[in-house]
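Residues 1 to 476 in our numbering are what the sequence shown spells out, letter by letter.
Think of the CB as a built atom: it goes at the ideal place given N, C-alpha and C, for glycine as much as any other residue.
Below is one structure, written out as structure tokens, with a few remarks after it.
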Amino acid sequence: MSTGDSDTIATTEATPAETGADTTNRRQPFPQGFLDSISTGWAERPDTAPPRRAQAPFAAARRAKLSSLFPGRRLVIPAGSLKQRSNDTDYPFRAHSAFAHLTGWASDSEPDSVLVLDPDGDGHRATLYFRERADRTTPEFYADASIGEFWIGPRPARHGVAADLDIDAAPLADFSAGDEDMVVGEDDDLTRAVSELRLVKDEYEIAQMRLAVDVTARGFDDIVQNLDRAVAHHRGERIVEGVFHLRARSDGHAEGYDTIAASGAHACYLHWTRNDGAVAPGDLILVDAGVEVDSLYTADITRTLPVSGTFTETQRRVYETVREAADAAFALARPGIRFRDVHAAAMEVIAARVAEWGLLPVTAEEALDADRGGHHRRYMVHGTSHHLGIDVHDCAQARREMYYDGVLEPGMVFTIEPGLYFQIDDMTVPEEYRGIGVRIEDDVLVTEDGVENLSAAIPRTADEVEAWIARLKPAG
Numbered sequence: 001m002s003t004g005d006s007d008t009i010a011t012t013e014a015t016p017a018e019t020g021a022d023t024t025n026r027r028q029p030f031p032q033g034f035l036d037s038i039s040t041g042w043a044e045r046p047d048t049a050p051p052r053r054a055q056a057p058f059a060a061a062r063r064a065k066l067s068s069l070f071p072g073r074r075l076v077i078p079a080g081s082l083k084q085r086s087n088d089t090d091y092p093f094r095a096h097s098a099f100a101h102l103t104g105w106a107s108d109s110e111p112d113s114v115l116v117l118d119p120d121g122d123g124h125r126a127t128l129y130f131r132e133r134a135d136r137t138t139p140e141f142y143a144d145a146s147i148g149e150f151w152i153g154p155r156p157a158r159h160g161v162a163a164d165l166d167i168d169a170a171p172l173a174d175f176s177a178g179d180e181d182m183v184v185g186e187d188d189d190l191t192r193a194v195s196e197l198r199l200v201k202d203e204y205e206i207a208q209m210r211l212a213v214d215v216t217a218r219g220f221d222d223i224v225q226n227l228d229r230a231v232a233h234h235r236g237e238r239i240v241e242g243v244f245h246l247r248a249r250s251d252g253h254a255e256g257y258d259t260i261a262a263s264g265a266h267a268c269y270l271h272w273t274r275n276d277g278a279v280a281p282g283d284l285i286l287v288d289a290g291v292e293v294d295s296l297y298t299a300d301i302t303r304t305l306p307v308s309g310t311f312t313e314t315q316r317r318v319y320e321t322v323r324e325a326a327d328a329a330f331a332l333a334r335p336g337i338r339f340r341d342v343h344a345a346a347m348e349v350i351a352a353r354v355a356e357w358g359l360l361p362v363t364a365e366e367a368l369d370a371d372r373g374g375h376h377r378r379y380m381v382h383g384t385s386h387h388l389g390i391d392v393h394d395c396a397q398a399r400r401e402m403y404y405d406g407v408l409e410p411g412m413v414f415t416i417e418p419g420l421y422f423q424i425d426d427m428t429v430p431e432e433y434r435g436i437g438v439r440i441e442d443d444v445l446v447t448e449d450g451v452e453n454l455s456a457a458i459p460r461t462a463d464e465v466e467a468w469i470a471r472l473k474p475a476g
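Right, here's the structure in full:
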């Protein structure tokens with residue numbers, strides 16, 4: 001039996017606010033018989049606490065580091081709230097990255113929760129405030145479609161969360177904001193600090209990045225195996241997207257970002273996510289996709305595949321140029337190198353090759369001039385690298401001197417992703433190039449003497465990609 005004053009529910013009509021009747025005309029009021037019986041007849045809930053999760057000590061160390069940066073200040077890190085998709089439907093909840101990073105609660109995070117670091121002696125005392133599961137004698141249990149357990153399933157108890165995360169937990173109602181609070185998303189210094197805290201990954205984070213890449217690799221295998229299905233459908237890009245989604249949801253938490261499945265000329269649009277085009281034999285399809293695992297760490301991989309299984313001569317020329325640019329970036333990247341120099345190494349190759357092909361009005365050297373050049377950027381407008389982790393574009397609020405102008409250190413994780421994009425209506429290039437878009441993107445970990453390509457198991461060279469497709473595509 002549930003505990004509490006069930007007579008209150010049994011003898012009192014639920015108010016419009018409790019039932020939602022004041023905000024919708026599709027829900028009928030609860031009849032008295034329902035109100036009389038809904039709070040009784042339930043089995044006792046298990047009262048055992050879960051073991052401490054593996055990420056908990058790492059999250060505690062991150063909080064300690066943040067604490068040392070703001071002595072005597074009260075730090076507030078909100079998880080965020082549900083966001084409305086339409087009417088009474090919300091988007092799936094995903095906690096703010098700083099909250100997830102500092103609590104370790106990951107994909108289990110509850111909406112509206114708040115992590116607070118209160119000054120305590122020379123450091124801080126951490127408390128996680130969240131909305132506890134409702135007692136079954138309350139209308140929230142059966143009437144609130146956003147948080148009621150009758151609607152969304154079991155929610156965590158406070159003692160269980162405290163044991164799970166190894167952190168003090170308190171009811172959300174006990175939290176009160178202070179005038180002097182530093183709040184992530186409102187205070188620039190704190191927002192910057194929680195972002196820079198993720199520039200160098202700890203042991204747990206690196207293991208999660210390896211896991212995310214491994215699951216993503218399986219998703220790319222799925223795509224190759226289903227290329228014929230994509231070709232057969234009038235919106236084959238959606239088939240590619242859907243196949244990857246199945247892997248992301250079955251072996252991970254979700255995608256870390258909207259999948260780009262860009263076939264033919266669509267590959268020249270850097271963030272093509274409509275994915276409503278055909279996948280035609282003879283074209284290339286550029287797939288940029290990454291699995292976010294349950295810890296919320298995500299991979300970010302791009303491969304460009306010849307739909308028919310083999311590259312044409314022009315497609316191969318463009319593809320191998322992009323790979324050459326990536327390899328130049330790999331060769332340079334190591335501790336002590338500035339992050340922006342990785343991009344410069346790739347761009348030297350891009351400029352040299354498009355100049356050789358007669359696509360530039362100047363020499364490659366002139367195009368690379370920082371002040372008066374940039375002509376080659378018409379065909380690769382984006383950067384070569386970005387940090388990666390619990391966000392696909394991780395550490396984005398870090399200072400420029402810590403990010404773009406920062407020095408590589410062991411434990412950093414970032415992408416290497418040069419590309420070439422010749423849009424279908426670009427009259428500055430010969431017709432044979434128009435409509436070809438190629439990007440090759442890998443996720444790398446900075447080691448003591450270089451970088452490790454975490455995604456090296458996914459074929460990269462033109463020959464390897466052709467062999468990959470030949471091996472996995474069903475015989476037709």
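| field | Bridge partner(s) assigned by DSSP for residue 275 | value | Against the sequence shown, residue 275 aligns to sequence position 275. Residue 275 is not bridged to any residue.
| request: Flag this pair as touching only if the stretch 357-366 and the stretch 375-384 have three or more C-beta atom pairs under 8 Å; answer yes or no. | output: yes
| task | Taking only runs that begin and end inside the stretch 64-135, name each unbroken beta strand (DSSP E) of 3 or more residues, in chain order. | result | For the stretch 64-135, the continuous beta strand (DSSP E) assignments of 3+ residues that do not extend past its boundaries occur at 75-78, 84-86, 114-120, 123-130, in sequence order.
| task | Could you name each continuous beta strand (DSSP E) segment of 3 residues or more that falls completely within the stretch 282-332, going from the start of the chain to the end? | result | Taken in chain order, the complete beta strand (DSSP E) segments of 3 residues or longer contained in the stretch 282-332 are 284-289, 301-306.
| message | Using 8 Å as the threshold, is the C-beta distance between residue 158 and residue 171 below it? | response | Reading the sequence shown from its first residue, position 158 is the one you call residue 158. Reading the sequence shown from its first residue, position 171 is the one you call residue 171. Closer than 8 Å, so yes.
| Looking only at C-alpha atoms, which of 61, 131, 149 sits nearest to residue 45? | Along the sequence shown, one-based indexing puts residue 45 at 45. Closest option to residue 45, Cα to Cα, is 149.
| Near residue 205, which residues of its chain fall below 7 Å by C-beta distance, leaving aside the five closest residues on each side in sequence? | As a first step, residue 205 is located in the sequence shown; it is residue number 205 there, counting from the start. The residues are 297, 389.
| field | Cβ pair residue 335, residue 446 closer than 8 Å | value | Counted from its first residue, the sequence shown places residue 335 at position 335. Counted from its first residue, the sequence shown places residue 446 at position 446. Against a cut-off of 8 Å, the Cβ pair of residue 446 and residue 335 comes out as a contact.
| field | Contacts around residue 90, its chain only, beta-carbon distance under 8 Å, and the 5 residues preceding and following it disregarded | value | Against the sequence shown, residue 90 aligns to sequence position 90. 82, 83, 84, 146, listed in sequence order.
| query | Which residues share a DSSP beta bridge with residue 414? | reply | Working through the sequence shown from its first residue, we reach residue 414 at position 414. In the DSSP output, where bridge partners are listed per residue, residue 414 has 387, 444.
| task | Please confirm whether residue 265 and residue 237 have their CB atoms less than 8 Å apart. | result | As a working note, residue 265 is residue 265 in the sequence shown. As a working note, residue 237 is residue 237 in the sequence shown. Not in contact: residue 265 and residue 237 (Cβ atoms no closer than 8 Å).
| query | Around the Cβ of residue 42, are there at least 16 other Cβ atoms within 10 angstroms (buried) or fewer (exposed)? | reply | Residue numbering aside, residue 42 sits at position 42 when the sequence shown is read from its first letter. Classification of residue 42: exposed, given that the 10 Å Cβ count is below 16.
| request: Kindly give me the distance between the Cβ atoms of residue 440 and residue 289, rounded to whole angstroms, as I take these residues to be in contact under 8 Å. | output: Residue numbering aside, residue 440 sits at position 440 when the sequence shown is read from its first letter. Residue numbering aside, residue 289 sits at position 289 when the sequence shown is read from its first letter. Their Cβ separation, rounded to whole angstroms, is 14 Å, which puts residue 440 and residue 289 out of contact at 8 Å.
| request: Could you please give the first and the last residue of the uninterrupted alpha helix (DSSP H) stretch that includes residue 195? | output: Start at 1 with the first residue of the sequence shown, and residue 195 comes out as number 195. Element bounds for residue 195: 188-196.
| request: Sort out for me which residues DSSP pairs residue 469 with in a bridge. | output: What you label residue 469 is simply residue 469 of the sequence shown in a count that begins at 1. In DSSP, residue 469 forms no bridge with anything.
| query | Rounded C-beta distance between residue 78 and residue 93? I'm assuming under 8 Å. | reply | Reading the sequence shown from its first residue, position 78 is the one you call residue 78. Reading the sequence shown from its first residue, position 93 is the one you call residue 93. About 13 Å separates the two Cβ atoms, so there is no contact after all.
| query | Alpha carbon to alpha carbon, what distance is there between residue 470 and residue 459? | reply | Within the sequence shown, the letter at position 459 stands for residue 459. Within the sequence shown, the letter at position 470 stands for residue 470. Taking the straight line joining both Cα atoms gives about 12 Å.
| Counterpart residues of residue 182 in DSSP-defined beta bridges | For the purposes of this step, residue 182 is taken as the residue at position 182 of the sequence shown. 75, per the DSSP bridge assignment.
| query | In chain order, what residues of the same chain lie with their CB nearer than 8 Å to the CB of residue 343, ignoring the 5 residues before and after it? | reply | Working through the sequence shown from its first residue, we reach residue 343 at position 343. 329, 383, 384, 385, listed in sequence order.
| query | Helix or strand or just coil, what does DSSP make of residue 263? | reply | For this step, residue 263 is matched to residue 263 along the sequence shown. It is a strand residue.
| field | Nearest-angstrom Cβ-Cβ length linking residue 209 and residue 73, presumed shorter than 8 Å | value | The residue you call residue 209 lines up with position 209 of the sequence shown. The residue you call residue 73 lines up with position 73 of the sequence shown. The pair is not a contact, with the Cβ atoms about 31 Å apart (cut-off 8 Å).
| request: Between the Cα of residue 350 and those of 340, 333, 320, spot the shortest distance and give me the residue it belongs to. | output: For the purposes of this step, residue 350 is identified with residue 350 of the sequence shown, where counting begins at 1. That would be 320, whose Cα lies nearest to the Cα of residue 350.
| message | With distance defined between alpha-carbon atoms, name the residue in 451, 308, 429 nearest to residue 231. | response | Taking the sequence shown and counting its residues from 1, one reaches residue 231 at position 231. Of the listed residues, the one whose Cα sits closest to residue 231 is 308.
| query | Among 366, 97, 162, which has the Cα closest to the Cα of residue 256? | reply | Start at 1 with the first residue of the sequence shown, and residue 256 comes out as number 256. The shortest C-alpha separation from residue 256 is found at 97.
| residue 174 vs residue 129 beta-carbon contact at 8 Å | Mapped onto the sequence shown, residue 174 falls at position 174. Mapped onto the sequence shown, residue 129 falls at position 129. Contact: yes.
| query | Can you tell me the Cα-Cα spacing of residue 452 and residue 235, whole angstroms? | reply | Stepping through the sequence shown from its first residue, residue 452 is reached at position 452. Stepping through the sequence shown from its first residue, residue 235 is reached at position 235. Each residue's alpha carbon lies about 37 Å from the other.
| said: Can you look up residue 409 in the DSSP assignment and give me helix, strand or coil? | reply: Counting from one through the sequence shown, the residue named residue 409 turns up at place 409. Reduced to three states, the DSSP call for residue 409 is coil.
| request: Taking the CB atoms as reference points, tell me whether residue 144 and residue 131 lie closer together than 8 Å. | output: What you label residue 144 is simply residue 144 of the sequence shown in a count that begins at 1. What you label residue 131 is simply residue 131 of the sequence shown in a count that begins at 1. Taking 8 Å as the Cβ cut-off, residue 144 and residue 131 do not qualify as a contacting pair.
| task | Assign residue 461 to one of two classes, buried (16 or more other C-beta atoms within 10 Å of its C-beta) or exposed (fewer than that). | result | Position 461 of the sequence shown, counting from 1, holds the residue named residue 461. The residue is exposed, with fewer than 16 neighbouring Cβ atoms inside 10 Å.
| request: Can you grab the Cα-Cα spacing for the pair residue 444 / residue 39, in whole Å? | output: By one-based count along the sequence shown, residue 444 stands at place 444. By one-based count along the sequence shown, residue 39 stands at place 39. Cα-Cα distance, rounded: 54 Å.
| said: Let's test the definition: count the other Cβ atoms within 10 Å of the Cβ of residue 347 and tell me whether it reaches 16, buried, or not, exposed. | reply: In the sequence shown, counting from the first residue as 1, residue 347 sits at position 347. Buried is the call here.
| request: Put residue 242 into one of helix, strand or coil per three-state DSSP. | output: Here residue 242 corresponds to residue number 242 of the sequence shown, with the count starting at 1. It is helical.
| field | N-terminal and C-terminal residue of the alpha helix (DSSP H) that residue 356 is part of | value | Position 356 of the sequence shown, counting from 1, holds the residue named residue 356. Counting along the chain, the alpha helix (DSSP H) containing residue 356 begins and ends at 339-356.
| said: Considering Cα atoms alone, identify which of 154, 413, 281, 75 is closest to residue 186. | reply: Reading the sequence shown from its first residue, position 186 is the one you call residue 186. Here the closest residue by C-alpha is 75.
| query | Any contact of the stretch 106-126 with the stretch 213-222, i.e. 3+ C-beta pairs under 8 Å? | reply | no
| said: Let's test the definition: count the other Cβ atoms within 10 Å of the Cβ of residue 393 and tell me whether it reaches 16, buried, or not, exposed. | reply: Within the sequence shown, the letter at position 393 stands for residue 393. Exposed, by the Cβ-count rule.
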